[in-house]
Amino acid sequence: IKCCLQVMRAEAAPNLHLREMNGHLDVEGFPAQLITEGLPCAYDSAYCGVSSFGFGGTNAHSMSYGKNNVTSRGIANRGSGFYRSKLLGKITNAPPADLMMHTDDPEDWETNGMPLAEDTAGKVFQVEVTSGGKAIWREVVYPPPA
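Shown next as structure tokens:
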């Protein structure tokens, strides 16, 4: 659990109850950091490993890797509405929908925006905004309730 939490935050957790180093341990050149407080990683992703040495000789090692998706240094910094605001910005900055009025009958009109004949209450649409700013509307059809 500790490894997963560390990679989710891209931060090394302190060693429990480590207040001072034991003077009898020779850690010079040992490839690890023994930390007493949280240590943020230099990047927005991290990996962590944990080993378990069983009494009966069963040994195990687990590695975890992940991106920071919890702390203010990661995706949480963008806020819960980050992606919604990006989509809204794309739609707002998109050119207006073209409306082609071939006849005087609105049923015959064509648009590259929301389908005119489909704007009834209760319908759900999926909107895809291309890199050029064009909005493509697709009706989402749910299966009938069983």
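The end of the sequence shown is residue 148 by our numbering, with every number in the run present.
We put the beta carbon where it would ideally sit given N, CA and C, even for glycine.
Scanning Gly68, Met23, Ser133, Val126 for the CA closest to the CA of Gly91 turns up Ser133. Checking the DSSP bridge columns, you'll see His63 partnered with Ser53. If the five residues before and after Pro42 are omitted, its C-beta is found closer than 6 Å to the C-beta atoms of Glu13, all from its own chain and listed in chain order.
Straight through space, the alpha carbons of Lys136 and Val142 are spaced by roughly 19 Å.
Three or more Cβ pairs closer than 8 Å define a contact, and the segment 55-65 falls short of that threshold against the segment 30-42. DSSP, read as helix, strand or coil, puts Arg140 in strand.
Annotated as distal: Ile3 and Asn17, with beta-carbon spacing of 9 Å or more. Residues of the same chain with a CB within less than 6 Å of the CB of His104, apart from the 5 flanking positions on each side, are Asp110 in chain order. Closest option to Gln8, judged by alpha-carbon separation, among Met102, Ser47, Phe55, Asp106: Ser47.
When the Cα atoms are used, Arg11 and Glu30 turn out to be separated by approximately 28 Å. The alpha-carbon of Val126 is positioned some 13 Å away from that of Ile138. Where Val9 is concerned, the enclosing alpha helix (DSSP H) starts and stops at 4-11. A direct Cα-Cα distance of roughly 14 Å separates Ala34 from Ser53.
If you look at Glu130, you'll find it in the beta strand (DSSP E) that goes 126-131. Counting only residues of its own chain and dropping the five nearest sequence neighbours on each side, Cys5 has a CB closer than 6 Å to the CB of Cys50, Val52, Ser66.
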